[in-house]
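In order, the protein sequence lines correspond to chains C and W. Under my numbering, the first residue of the first sequence carries the number 311, and numbering increases by one thereafter. Under my numbering, the first residue of the second sequence carries the number 443, and numbering increases by one thereafter. The beta carbon of each residue, even a glycine, is placed where N, CA and C say it ideally should be.
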Amino acid sequence: MSNSLIELDNVSFTYSSDNNQVLRTLSLSVKKGDITAILGPNGIGKTTLLYLILGWIKADSGSIIIGEKNQEDYKRREMGRIIGLVPQDEHISFEYSLLEYVLLGRSPHLHALESPGKKDYKAAVDALKKVGLEKLSDRPVTHLSGGEKQLVLVARSLAQEPKILLLDEPMSNLDLANKIRLIAVLNSLKNEGVTILFTSHEPEVAASISNYIILMGSDNNIVHGTTNKILTSESLSRIYGVNVKVADYDGNKIVIWH
Amino acid sequence: MPNKKIIAAPPEKGKIFILSLILFAVFIIALFIGRYPAKGLMDPRILFTDPLAWKLVFNLRLPRLLTSLILGVSLAGSGMVFQMIFSNPLVEPGFLGVSQGAAFGAAFAIIFLGSSAWLIQGSAAFFAITGLGFSYYIARRVRFGGWVLRLILSGIAVSALFSAGVGIMKYAADPMSQLPEITFWLLGGLWSITWREFFTILPVTIISMTVVFLMRWRLNVLSLDDETAFSLGISPGTARLIFLISATAATAAVISVSGIVNWVGLIVPHIARRLFRSDTRQSLPAAMLLGGIFTIFCDTLARTVFAGEIPLGIFTSLFGAGVFIILLLNRNIRIQK
């Protein structure tokens, strides 16, 4: 298991507010450089799994190893240079320019009294270029469309330069062109050796870029494995509770339903 | 190429410099404006010939001006801190029971401890911090909602408790001697400031505002959602607490000698963000400078417009609320959280 970067061992988690056990003794490992899709119906605990890996919420039992160390043995700032998060949505209360906003991704690279310098500006401008928003860098971030905002959140995480990138429903607001752009960005990150995990409720999105899938169903019914193994008519029909068919088309998997 | 321009542009340093010059000019003018030897601007040359003018400027006006400077800097700086860490452009240092706590402390001292200035200030500062501590404690014990919501709710409750307390004090106060003093304190003012008051509050305000100033870029990150700030390598709880303690300490210190001065902490950060954009690298120093200009301007009016002193809080409320209404009508103020 030497090449696994994230290792969950018997992780359980229950929301104390409603006693809803989302995860029961889940064990899995994610290899460095993999793109993993966390797939499943709404409200099944996909985001919870991301937040557990991030360390934002703590498992009731079990352990999470990131790289060589237990997750809890990292300093906060050190972890910020390893794991980045692209939230599904974000409240933005103040009118930052896109560039100022993306610059906030440099936070884990700066100590408490430091302000961003030239190197940080360069990282932020490069990140905006990668998502195709460099022309809007002076625009207030509060005036963006839903899709543009989602790309800005991605850009901020790119500026953060993490080794592991967690994305929560990154495609949910994107139109087709931006979806393809984001897929290209994620693929190029993968080639740079970044490990990516993202949640989605659309099997096709998962099929198009991931090589590993964690499929979450109700009652802690979680299966995971390579995309080819997991993305089958049988498993999807079972998890979503509807009749769907997975077909091969031009080497890609497509999902058909009636 | 827009990129090149963006990388090269130092964030608004020129405008900050101009603002500093304006503050300096306002300060000097205010130092020589008044009613001695005649109404209006004093000729600085008489300082060397008239010992009374020397005494007036250096023993009365200068400490008062310096105090109104740090009052404005602290209230506006703390206001910016509160608005950023609560991601809410409508909060100010008076939140979380700080102002009402101070008011209660002052009224309490006036009625029960005799009206020595030192006791009133100490009691006001003590209850201001108690107000924060109490709000913080309740917020930690609330079992629902996000951290910001819990703090604001408990702040409202604690403020209401203290203002009920102030009501009881006013009811119980001697209407001839104590009630006017309480009322005057609640309206805020700097007429009683001497070098002693100035040097009492100087260390706390300098330390806390320096901490806030040096860490100002972090405020941007703290205005994001908690999980995002966390993912960016920050422990939002700890970082917020550092800012919260600094801002509250400065606020408690200044209002302990000035009484309640409203609106500075709310309106000045708004204007700063409007003129210097939201990034706290510029907007925080801008708010501090504008706060200084605003309180010096209002305090100078308070002591010169009429022969008798008008409470400072009346002017800050008048101008602050006026500007606020203009801002409200001009453009939407974003409230998302």
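For W/Gly-733, the enclosing alpha helix (DSSP H) starts and ends at 722-746. Within the segment 409-456 of chain C, the runs of alpha helix (DSSP H) at least 4 residues long that lie entirely inside it are, in chain order, 428-440.
Considering only W/Gln-620, W/Thr-636, W/Ala-692, the residue with the shortest C-alpha distance to W/Thr-652 is W/Ala-692. Under the 8 angstroms criterion on CB atoms, C/Tyr-361 is classed as interfacial with respect to chain W. Taking a Cβ-Cβ cut-off of 7 angstroms, the neighbours of W/Phe-672 in chain C comprise Trp-366, given in sequence order. Residues of the segment 375-396 of chain C that bring their beta carbon within less than 8 angstroms of a beta carbon in chain W comprise Arg-386, Arg-387, Glu-388, Met-389, Gly-390, Arg-391, Ile-393, Gly-394, Leu-395, in sequence order. Under the 8 angstroms criterion on CB atoms, C/Ala-469 is classed as non-interfacial with respect to chain W. Sorting C/Arg-387, C/Ala-517, C/Ala-434, C/Lys-429 by C-alpha distance to the C-alpha of C/Ala-422 places C/Arg-387 at the top. Counting only the Cα atoms, W/Trp-659 lies some 6 angstroms from C/Ser-425.
Remark: C-beta atoms of W/Glu-639 and W/Val-703 do not approach each other more closely than 8 angstroms. Its chain contains Gly-456, Gly-457, Gln-460 as the residues whose beta carbon lies nearer than 6 angstroms to that of C/Asn-483, once the 5 sequence neighbours on both sides are disregarded; these appear in chain order.
By the CB criterion at 8 angstroms, W/Thr-737 and W/Val-706 fall inside the cutoff. Here C/Pro-513 really is in contact with C/Leu-349; their C-beta atoms are around 6 angstroms apart, less than 8 angstroms. For C/Asp-558, the enclosing beta strand (DSSP E) has its first and last residue at 554-559. Following the DSSP letters along the chain, one finds C/Asn-320 inside the beta strand (DSSP E) bounded by residues 314-325. Take the alpha-carbon of C/Leu-454 and the one of C/Glu-405: they are about 11 angstroms apart.
When secondary structure is reduced to three states using DSSP, W/Ser-677 falls in the coil class, being assigned neither helix nor strand. For C/Ile-523, the pairing in a beta bridge is given by DSSP as C/Ala-347, C/Gly-535. For W/Trp-627, the enclosing alpha helix (DSSP H) begins and ends at 620-629. Taking 8 angstroms as the threshold, the shortest C-beta distance from W/Asn-530 to chain C falls below it. Relative to C/Ser-373, the option among C/Arg-334, C/Ser-407, C/Leu-463 whose CA is nearest is C/Arg-334.
Taking CB atoms only, W/Glu-669 has a neighbour in chain C less than 8 angstroms away. For a cut-off of 8 angstroms, the C-beta gap from W/Pro-753 to W/Ala-744 is around 7 angstroms, short enough to register as a contact.
DSSP places W/Asn-530 in the coil class of the three-state scheme, outside both helix and strand.
Taking a Cβ-Cβ cut-off of 8 angstroms, the neighbours of W/Ser-677 in chain C comprise Arg-386, given in sequence order.
In the three-state reduction of the DSSP assignment, C/Ile-402 falls in the coil class.
Listed along chain C, the residues sitting closer than 9 angstroms to W/Leu-656 by beta-carbon distance are Ala-422, Leu-423.
Here C/Gln-331 is bridged, per DSSP, to C/Thr-324. Note: W/Leu-463 is not bridge-paired with any residue in the DSSP secondary-structure output. Under DSSP, C/Thr-509 shares a beta bridge with C/Ile-348. Close partners of C/Tyr-522 in chain W (Cβ separation under 7 angstroms) are lacking, with about 22 angstroms as the shortest Cβ gap.
Within chain C, the residues Phe-404, Glu-405, Tyr-406 have their CB atoms less than 7 angstroms from the CB of W/Ser-720, given in chain order. In terms of Cα proximity to C/Gly-527, the closest of C/Glu-502, C/Ser-547, C/Lys-368 is C/Ser-547.
Under a 10 Å Cβ-count criterion, W/Leu-760 is classified as exposed, with fewer than 16 other Cβ atoms of the shown protein chains found around its own Cβ. Membership of C/Ile-393 in the beta strand (DSSP E) is indicated by the continuous run 393-396.
Put simply, of C/Ile-519, C/Phe-323, C/Ser-407, C/Gln-331 the residue whose alpha carbon is nearest the alpha carbon of W/Phe-718 is C/Ser-407.
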